[in-house]
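What follows is a short report on a single structure.
In the working numbering, the protein residues as written are 46 to 286.
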């Protein structure tokens with residue numbers, strides 16, 4: 046499946062889209078079958094795999110195990126080159142546009158090219174904006190960048206639009222794993238109004254109501270991860286919109 050085309054087709058048909066993010070460091074292979082069964086019974090469209098600090102030998106076995114139990118597309122959401130595996134279907138080629146660390150703007154991407162040349166992965170250029178949420182996130186620590194201030198909405202909008210004009214195919218607004226609160230509807234709406242590419246929103250989303258707020262504000266795809274790791278009962282709220 047071409048994941049980008051699938052996202053675009055769902056947007057064209059006015060369908061809400063959900064991705065469940067699985068961190069290889071936070072799940073045991075023995076628990077994957079049970080967890081993925083719940084994903085299959087939910088309204089999820091995609092399974093994202095990745096994390097900020099994942100050892101080199103964890104991602105591929107997890108992807109293989111996930112694919113044993115689902116037909117949903119498995120999309121890499123890599124925090125580092127070590128998380129690349131050709132066993133997945135697609136890869137978000139993330140550029141941290143909110144920061145000014147060259148390693149995460151272009152450096153890691155250059156480092157990844159030899160490995161990507163050996164894969165048949167669908168590679169989707171994705172702008173990645175880290176938005177402040179009240180706590181210091183692992184993304185902030187690993188990338189050594191500061192999140193964008195919620196008070197400067199125009200700057201967030203302009204950064205997202207600059208990413209689109211540079212050729213990004215997706216834009217991702219991220220509050221960060223374990224965020225106190227998700228990206229605000231005001232920010233989502235402002236960015237959505239100016240973009241013509243799909244908008245992904247993740248981080249800090251803990252309830253179905255918060256997902257609905259993100260969708261209503263203009264998110265095309267919502268990502269939820271930590272909340273499901275801590276409370277699998279949330280799947281009960283995701284069986285239908």
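Beta carbons: idealized from backbone N, C-alpha and C, even for Gly.
By the three-class DSSP mapping on this structure, what secondary structure does residue i have?
| i | result |
| --- | --- |
| residue 177 | coil |
| residue 286 | In this prediction, residue 286 has a pLDDT of 49, which is less than 50 and means its spatial position is unreliable; nothing more can be read from the coordinates. |
| residue 155 | helix |
| residue 62 | strand |
| residue 208 | helix |
| residue 93 | strand |
| residue 202 | helix |
| residue 267 | strand |
| residue 246 | strand |
| residue 184 | helix |
| residue 77 | helix |
| residue 83 | helix |
| residue 111 | helix |
| residue 88 | coil |
| residue 166 | coil |
Who are the near neighbours of residue i in its chain, counting only those whose CB is closer than 6 Å to its CB and skipping five residues on each side?
| i | result |
| --- | --- |
| residue 258 | 230 |
| residue 180 | 225 |
| residue 133 | 108, 119 and 121 |
| residue 247 | 219 and 268 |
| residue 228 | 176, 218, 220 and 246 |
| residue 85 | 115 |
In terms of residues, what are the limits of the alpha helix (DSSP H) holding residue i?
| i | result |
| --- | --- |
| residue 237 | 230-239 |
| residue 53 | 48-57 |
| residue 258 | 253-262 |
Report the partner residues of residue i according to the DSSP bridge assignment.
| i | result |
| --- | --- |
| residue 192 | In DSSP, residue 192 forms no bridge with anything. |
| residue 171 | 139 and 215 |
| residue 280 | Beta-bridge pairing links residue 280 to no other residue. |
| residue 121 | 94 and 136 |
| residue 67 | 94 |
Report all residues from its chain with a CB closer than 8 Å to the CB of residue i; omit the five preceding and five following residues, and keep chain order.
| i | result |
| --- | --- |
| residue 234 | 262 and 263 |
| residue 131 | 163, 164, 165 and 166 |
| residue 277 | 80 and 83 |
Please report the residue range of the beta strand (DSSP E) in which residue i lies.
| i | result |
| --- | --- |
| residue 150 | Where residue 150 is concerned, there is no enclosing beta strand (DSSP E), given that its DSSP letter is neither H nor E. |
Can you give me the Cβ contacts of residue i inside the same chain, cut-off strictly under 7 Å, excluding the 5 residues immediately before and after it?
| i | result |
| --- | --- |
| residue 286 | Summary for residue 286: the model assigns pLDDT 49, below 50, so the residue's position carries little reliability, and this model does not support an answer. |
Does any C-beta atom of chain D lie closer than 8 Å to the C-beta of residue i?
| i | result |
| --- | --- |
| residue 166 | Note that chain D does not occur in the displayed structure, where there is just one protein chain. |
**Asked** Does the stretch 181-192 come within contact of the stretch 260-273, defined as at least 3 CB pairs closer than 8 Å?
**Response** no
**Request:** Take every Cβ of the stretch 201-215, pair it with every Cβ of the stretch 237-245, and state whether three or more of those distances are shorter than 8 Å.
**Result:** yes
**Item:** Contact between the stretch 203-223 and the stretch 156-163 (3+ Cβ pairs under 8 Å)
**Value:** no
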